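Taking the numbering used here as reference, the numbering of the sequence shown is continuous, increasing by one, and the terminal residue is 820.
Built from N, CA and C at the ideal position, the CB exists for glycine as well.
Predicted, not measured: the structure shown is a model, and the values here were computed from it.
Structure first, then comments.
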Amino acid sequence: MKIYANLNVLAKRITSNSLLWVICVCYFPTMVLGQVTLESETKISDIGLHFDGQKVGGSASNTGTDYDYFFGPKISAHGDCITEFDGFVFMTWYKGGKSNRQVMLSRYNKSTGVVKTIEFPHRHTGYQNKWWIGESHNTIAVGVSPLNGTIHLLYDMHAYSRTKPSDGSLSDDYFRYSYSVANAATVSDSQFKLSLFVNSPSGNYKHLSLNGGEDYANFSGLTYPKFFLNDQGDLFVYIREGGNNNGAYKFSKYNASNSTWSNFTSFNVLNAKGQGEAYNWGLYGNMKYVNGKIRIGFQRRSSNNNDKFQYQNGFYYAYSDNQNGTSNWKDDKGKGFSLPLLDADKIKISEPGDLVATTQKNKVYIVSGFDWTVTQNGDVHFVGKVKDNEFNVTKNVHTYKKAGNSNFTTTTNFSGAERIYTSGDDIYIIGLNSSGRVFIEKGIGGTNNFTRVYEATSGKRFRHGQVYVKDGKVYYYMMERLSGDAQPLYLQIIDLGIPTNTPPVVNMTSPANNITVAPGSVISLGANASDNGSIHKVNFRINNAFYKQDKTAPYTVTWTPTTTGTYTIDAVAYDEEGLSTISSSITVNVQSVNVTIESVTAEQAPNVAANLLDGDVSDNSRWSAQGFSKTVVIDLGSTQNITGTKMWTYLDRAYQYRIRVSNSPNSGFNTVVDRTGNTSTTQPLNDNFNASGRYVKLIVEGAHNYTGDWVSINEFEVLTSGSSSARQRDTSFIEEEASAVTVFPNPSNGTFTIDLKGIENADILIYNMKGQLVHQEQNTSQSLRLSKGLTFNSGVYLIRVIDQDGNYYDKKLMIR
Numbered sequence: 005m006k007i008y009a010n011l012n013v014l015a016k017r018i019t020s021n022s023l024l025w026v027i028c029v030c031y032f033p034t035m036v037l038g039q040v041t042l043e044s045e046t047k048i049s050d051i052g053l054h055f056d057g058q059k060v061g062g063s064a065s066n067t068g069t070d071y072d073y074f075f076g077p078k079i080s081a082h083g084d085c086i087t088e089f090d091g092f093v094f095m096t097w098y099k100g101g102k103s104n105r106q107v108m109l110s111r112y113n114k115s116t117g118v119v120k121t122i123e124f125p126h127r128h129t130g131y132q133n134k135w136w137i138g139e140s141h142n143t144i145a146v147g148v149s150p151l152n153g154t155i156h157l158l159y160d161m162h163a164y165s166r167t168k169p170s171d172g173s174l175s176d177d178y179f180r181y182s183y184s185v186a187n188a189a190t191v192s193d194s195q196f197k198l199s200l201f202v203n204s205p206s207g208n209y210k211h212l213s214l215n216g217g218e219d220y221a222n223f224s225g226l227t228y229p230k231f232f233l234n235d236q237g238d239l240f241v242y243i244r245e246g247g248n249n250n251g252a253y254k255f256s257k258y259n260a261s262n263s264t265w266s267n268f269t270s271f272n273v274l275n276a277k278g279q280g281e282a283y284n285w286g287l288y289g290n291m292k293y294v295n296g297k298i299r300i301g302f303q304r305r306s307s308n309n310n311d312k313f314q315y316q317n318g319f320y321y322a323y324s325d326n327q328n329g330t331s332n333w334k335d336d337k338g339k340g341f342s343l344p345l346l347d348a349d350k351i352k353i354s355e356p357g358d359l360v361a362t363t364q365k366n367k368v369y370i371v372s373g374f375d376w377t378v379t380q381n382g383d384v385h386f387v388g389k390v391k392d393n394e395f396n397v398t399k400n401v402h403t404y405k406k407a408g409n410s411n412f413t414t415t416t417n418f419s420g421a422e423r424i425y426t427s428g429d430d431i432y433i434i435g436l437n438s439s440g441r442v443f444i445e446k447g448i449g450g451t452n453n454f455t456r457v458y459e460a461t462s463g464k465r466f467r468h469g470q471v472y473v474k475d476g477k478v479y480y481y482m483m484e485r486l487s488g489d490a491q492p493l494y495l496q497i498i499d500l501g502i503p504t505n506t507p508p509v510v511n512m513t514s515p516a517n518n519i520t521v522a523p524g525s526v527i528s529l530g531a532n533a534s535d536n537g538s539i540h541k542v543n544f545r546i547n548n549a550f551y552k553q554d555k556t557a558p559y560t561v562t563w564t565p566t567t568t569g570t571y572t573i574d575a576v577a578y579d580e581e582g583l584s585t586i587s588s589s590i591t592v593n594v595q596s597v598n599v600t601i602e603s604v605t606a607e608q609a610p611n612v613a614a615n616l617l618d619g620d621v622s623d624n625s626r627w628s629a630q631g632f633s634k635t636v637v638i639d640l641g642s643t644q645n646i647t648g649t650k651m652w653t654y655l656d657r658a659y660q661y662r663i664r665v666s667n668s669p670n671s672g673f674n675t676v677v678d679r680t681g682n683t684s685t686t687q688p689l690n691d692n693f694n695a696s697g698r699y700v701k702l703i704v705e706g707a708h709n710y711t712g713d714w715v716s717i718n719e720f721e722v723l724t725s726g727s728s729s730a731r732q733r734d735t736s737f738i739e740e741e742a743s744a745v746t747v748f749p750n751p752s753n754g755t756f757t758i759d760l761k762g763i764e765n766a767d768i769l770i771y772n773m774k775g776q777l778v779h780q781e782q783n784t785s786q787s788l789r790l791s792k793g794l795t796f797n798s799g800v801y802l803i804r805v806i807d808q809d810g811n812y813y814d815k816k817l818m819i820r
């Protein structure tokens, strides 16, 4: 339910010399108009990096104590540097002064008032890797996935590559990405530490791609990264590929269920001239998820250097009816087009350059003051600034269209803004005037009517900052206007005075968490949902993808899984205003059999064990099979009539095996097949017998010395008369080569031990299946005990132990 506040406002126009920025109000005496109030002001740091020197060229030398810069002086509290999630505010910055420059991430806990800051080992790069020349593009974007609580940092490397800079100094550092383990965003204040983040192979928490490893073609030459979320809680990032007048936006969605990013989707083309356009073009603007849709608004920069525009021109706008943004893109009138976009004029809504008189070459300057938003009602608003450099005239531009209208209205009877925001059907301009103090203006969606509803008259003066608006609150992160290359950073939280719609409450009621079912089972999915208004619908999701919907309580649907695997299921509740809440997820395991490895010994048969793990191999050297033993138990789920077994590929005559059946997983196994060697075959073994039981045990043992060819066992099938067969296909069926290192239990339900068996001063490295290093330490004891937690989730891991002589031992570990 949505309630709008009645703001008793004093109409007061912004003066034309006001410098609008997005910011909150100070603690000090203010003129409070209506219900806009300050909630808190918190100092984040005294030492935020700032470029306090002069604008210089790219070949400037490192002289003096001031921090000179190439583009502009801002770096801390700049870019996509602030977000809020679940009562925590996250802010990125660099440590000042000039000789420091470390990457910093601060988290403000709204409940405790505590600020915790993580310092990363890497630093501000500087212009083209010249650290003494400040680079204002090298900002740090921050995003949080609501679906698994991971924190993501992306660094603007300003289109660097193996050849930019030309000396190749960033050939292994052209892309920077840092990310945390799951649920790191909401740990306690004392646990908010660097160890929450996944280290990179180079040891400095800088990853060269979004999914691990190096992918030069997709992750070089990029700039301007920013994050946003859709209504489902999916985290997106968009970034520009290419240069200023030949650049394309491309975007990717984070899959929280497996911690991977999708392939990039390109919004527009690179090298448009080579595909039929008169000129190449790039874009300056942003992608946002606003009021139910992914949208884009930008200005175009053409490679045509002979027109009247010095840099950018135009206002361009489009939106997608697809929650992922990969299709269903439309212009402002609803006409569809395909990605990637070739001709930007297809989505052009206005030309602010025509509002000034000059027609001379490179005399129309449109760069600063550009932003846009869309109200809940669907009113579209664009703001910008155009300067005529021939006649020295500057005009502030407001282009808007009320929902339902066909055409946009453009006016210059507008005092200007750097940023514009929406809450409900209203729009807000939040800014700093020339004295560095705050004011807020409110407008009605679809109009050019603004009134001032807040103004600070004394207190701190601020230099610049960035804002994040959520649920009627403004989170403003800014730098105080002082001096030097290390200046204070503050967070202020201001309430816009709008009683906000409280999101729904929802939780899963069925099935029970972590149950195991067989394929074909009918499962009831249920959820409870409530709201201070009314629930519009509840969507059930499986592995973060929409499954079914119910609009009537009790909210239930049925699901019949047909494919084995592990599934995460949650529910998304929506109220009548479109606000949504995602429930905690539950896990359902769908499997035909439950395989448990009971014992493994391969001390006397290292070659056999290694080769069997690898698959079909011929080895004519002598080896000893004696001492090798492997036991597998298959749980059929219920007592069944068992008619036989099959084994693929083969059992060589060096082995003996037994098949036993029981109704207990731990005792009472009766032998139904007993092969005691000399079992060399040319066909898969097929033992027909009749027995009744729930559990079938296969025991494979080494029988005697043997020289000759052999092949591996990699599939074991139990045949039943009442249902389809149950198979075990698992390359971990036979243990790896025995070594001085063992890991047990394996598989593990959470806690495992690495037995070093006499190795001292061992380096232990543990990798996940993406090749990412998730744990590293040096150990001088005989064994190491570790537990499942933030670092080790369910999955398969490679454990590498390196002794002091450089020998290494690899082990695989499965954690359930």
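Decide if phenylalanine 796 is buried, meaning its Cβ has at least 16 other Cβ atoms within 10 Å, or exposed.
As a working mapping, residue 796 is identified with position 792 in the sequence shown. Buried, because 16 or more other Cβ atoms sit within 10 Å of the Cβ of phenylalanine 796.
Pairwise C-alpha distance: tyrosine 813 and tyrosine 323:
The sequence position of residue 323 within the sequence shown is 319, counting from 1. The sequence position of residue 813 within the sequence shown is 809, counting from 1. Taking the straight line from one Cα to the other gives about 54 Å.
Per DSSP, what kind of secondary structure is alanine 695 in: helix, strand or coil?
Mapped onto the sequence shown, residue 695 falls at position 691. Reduced to three states, the DSSP call for alanine 695 is strand.
Should the segment 108 to 123 be regarded as contacting the segment 507 to 515, the criterion being three or more beta carbon pairs within less than 8 Å?
Short answer: they don't touch.
Excluding the five sequence neighbours on either side, which residues of its own chain have a C-beta within less than 6 Å of the C-beta of leucine 109, listed in chain order?
Translated into the one-based positions of the sequence shown, residue 109 becomes position 105. Closer than 6 Å at Cβ, skipping near neighbours: Thr96, Ile122.
Serine 263: which of Ala276, Tyr164, Leu239 sits nearest, CA to CA?
Translated into the one-based positions of the sequence shown, residue 263 becomes position 259. The residue among Ala276, Tyr164, Leu239 with its C-alpha nearest the C-alpha of serine 263 is Leu239.
Could you tell me if isoleucine 819 is buried or exposed, where buried requires 16 or more neighbouring beta carbons within 10 angstroms of its beta carbon?
Counting from 1 along the sequence shown, the entry for residue 819 is found at position 815. Burial call: buried.
According to DSSP, simplified to helix, strand and coil, what is threonine 461?
If you number the sequence shown from 1, residue 461 lands on position 457. Looking at threonine 461 - three-state DSSP - the assignment turns out to be coil, as it is neither helix nor strand.
Compute the Euclidean distance between the alpha carbons of isoleucine 86 and glycine 641, then round it to the nearest angstrom.
As a working mapping, residue 86 is identified with position 82 in the sequence shown. As a working mapping, residue 641 is identified with position 637 in the sequence shown. Distance between the alpha carbons of isoleucine 86 and glycine 641 is about 51 Å.
My output table needs one value for tyrosine 813: the three-state DSSP class, helix, strand or coil.
Residue 813 sits at position 809 when you count from the first residue of the sequence shown. In the displayed model, tyrosine 813 falls within a strand according to three-state DSSP.
In whole angstroms, give me the CA-to-CA distance for leucine 198 and asparagine 187.
Walking along the sequence shown from the start, residue 198 turns up at place 194. Walking along the sequence shown from the start, residue 187 turns up at place 183. Here the alpha carbons of asparagine 187 and leucine 198 stand approximately 14 Å from one another.
Ordered along the chain, which non-local residues of its own chain (more than five positions away) have a Cβ less than 8 Å from that of glycine 280?
Along the sequence shown, read from residue 1 onward, the residue named residue 280 stands at position 276. The residues are Leu346.
Count Cβ pairs between the segment 241 to 259 and the segment 193 to 211 that sit closer than 8 Å; are there 3 or more?
Under the three-pair Cβ rule at 8 Å, the segment 241 to 259 does not count as touching the segment 193 to 211.
Tell whether a beta-carbon distance below 7 Å holds between arginine 111 and phenylalanine 92.
To locate residue 111, count along the sequence shown from 1; it is residue 107. To locate residue 92, count along the sequence shown from 1; it is residue 88. Between arginine 111 and phenylalanine 92, the CB-CB gap stays under 7 Å.
Are there 16 or more other CB atoms within 10 angstroms of the CB of methionine 291, so buried, or fewer, so exposed?
Stepping through the sequence shown from its first residue, residue 291 is reached at position 287. Methionine 291 comes out buried.
From asparagine 1 to valine 118, what does the alpha carbon distance come to, in whole angstroms?
The chain is shown only over 5 to 820; residue 1 falls outside these bounds and no answer can be derived.
Residue range of the beta strand (DSSP E) that isoleucine 124 falls in?
As a position in the sequence shown, residue 124 is number 120, starting the count at 1. It is phenylalanine, not isoleucine, that sits at residue 124 in the sequence shown. It spans 119 to 127 - the beta strand (DSSP E) in which phenylalanine 124 sits, taken as one unbroken run.
So, helix, strand or coil for phenylalanine 223, using DSSP?
Walking along the sequence shown from the start, residue 223 turns up at place 219. In the structure shown, phenylalanine 223 sits in a helix (DSSP, three-state: H, G or I).
So who's on the other strand from tryptophan 285, going by DSSP bridges?
As a first step, residue 285 is located in the sequence shown; it is residue number 281 there, counting from the start. BP columns for tryptophan 285 point to Ser306.
Cut-off 7 Å between Cβ atoms - residues of its own chain near asparagine 80, not counting five sequence neighbours on either side:
The sequence position of residue 80 within the sequence shown is 76, counting from 1. According to the sequence as given, residue 80 is serine; it is not asparagine. Within the same chain, Cβ atoms closer than 7 Å to the Cβ of serine 80 are found at Gly52, Leu53, His54, Trp97, Tyr98, Met483, Leu493, the five residues on either side in sequence being excluded.
Does the Cβ-Cβ distance between threonine 413 and tyrosine 425 come in under 7 Å?
Stepping through the sequence shown from its first residue, residue 413 is reached at position 409. Stepping through the sequence shown from its first residue, residue 425 is reached at position 421. Not closer than 7 Å, so no.
Taking the straight line between their C-alpha atoms, what separation do you get for phenylalanine 94 and glutamate 459?
Indexing the sequence shown from 1 puts residue 94 at position 90. Indexing the sequence shown from 1 puts residue 459 at position 455. Between phenylalanine 94 and glutamate 459, the C-alpha separation is close to 26 Å.
Using only alpha-carbon positions, find the residue among Tyr131, Tyr242, Tyr699, Leu151 that is nearest to proline 169.
Reading the sequence shown from its first residue, position 165 is the one you call residue 169. Of the listed residues, the one whose Cα sits closest to proline 169 is Tyr131.
Does the segment 324 to 332 come into contact with the segment 302 to 315, if we say contact requires no fewer than three beta-carbon pairs (one atom in each stretch) closer than 8 Å?
With contact defined as three or more Cβ pairs closer than 8 Å, the segment 324 to 332 and the segment 302 to 315 are not in contact.
Alpha carbon of valine 40 to alpha carbon of isoleucine 444, nearest angstrom
Mapped onto the sequence shown, residue 40 falls at position 36. Mapped onto the sequence shown, residue 444 falls at position 440. Straight-line Cα distance between these residues: approximately 9 Å.
Just to confirm my understanding: we take valine 387, look at its own chain, exclude 5 residues before and 5 after, and list those with CB closer than 6 Å. What are they?
In the sequence shown, counting from the first residue as 1, residue 387 sits at position 383. Sequence-distant Cβ neighbours of valine 387 in its own chain, meaning closer than 6 Å and more than five residues away, are Asp375, His402, Ala421, Ile424.
Local conformation of lysine 277 per DSSP, three classes:
As a first step, residue 277 must be located in the sequence shown, where it is residue number 273. Lysine 277 carries a helical assignment under DSSP once its states are collapsed to helix, strand and coil.
Closest to glycine 501 by CA distance: which of Asp475, Asp535, Arg485, Ile763 is it?
Translated into positions along the sequence shown, residue 501 becomes position 497. Nearest option by C-alpha distance: Asp475.
Taking its Cβ as the centre, do 16 or more other Cβ atoms sit within 10 Å of proline 558, making it buried, or is it exposed?
Working through the sequence shown from its first residue, we reach residue 558 at position 554. Exposed.
What does the alpha-carbon distance come out to for the pair threonine 69 and tryptophan 136?
Counting from one through the sequence shown, the residue named residue 69 turns up at place 65. Counting from one through the sequence shown, the residue named residue 136 turns up at place 132. Straight-line Cα distance between these residues: approximately 10 Å.
Isoleucine 646 to phenylalanine 673 span [Cα, whole Å]
Position 642 of the sequence shown, counted from the first residue, corresponds to residue 646. Position 669 of the sequence shown, counted from the first residue, corresponds to residue 673. When rounded, the distance between both Cα atoms is 14 Å.
Selected residue, minimal CA-CA separation from arginine 180, among Lys816, Tyr164, Tyr159, Arg166
The residue you call residue 180 lines up with position 176 of the sequence shown. Distances from the alpha-carbon of arginine 180 to those of Lys816, Tyr164, Tyr159, Arg166 put Tyr159 closest.
Below 7 Å between beta carbons: does that hold for tryptophan 265 and asparagine 215?
By one-based count along the sequence shown, residue 265 stands at place 261. By one-based count along the sequence shown, residue 215 stands at place 211. Judged by their CB atoms, tryptophan 265 and asparagine 215 are nearer to each other than the 7 Å cut-off.
Distance CB(tyrosine 480)-CB(valine 473) smaller than 7 Å:
On the sequence shown, position 476 is the one that residue 480 refers to. On the sequence shown, position 469 is the one that residue 473 refers to. No, the Cβ-Cβ distance between tyrosine 480 and valine 473 is not below 7 Å.
Mind checking whether isoleucine 763 and valine 700 have CB atoms under 7 Å apart?
Taking the first residue of the sequence shown as 1, we reach residue 763 at position 759. Taking the first residue of the sequence shown as 1, we reach residue 700 at position 696. No, Cβ-Cβ distance for isoleucine 763 and valine 700 is not below 7 Å.
From the DSSP output, in three-state form, read off proline 356 for me.
Mapped onto the sequence shown, residue 356 falls at position 352. Proline 356: helix per DSSP, three-state reduction.
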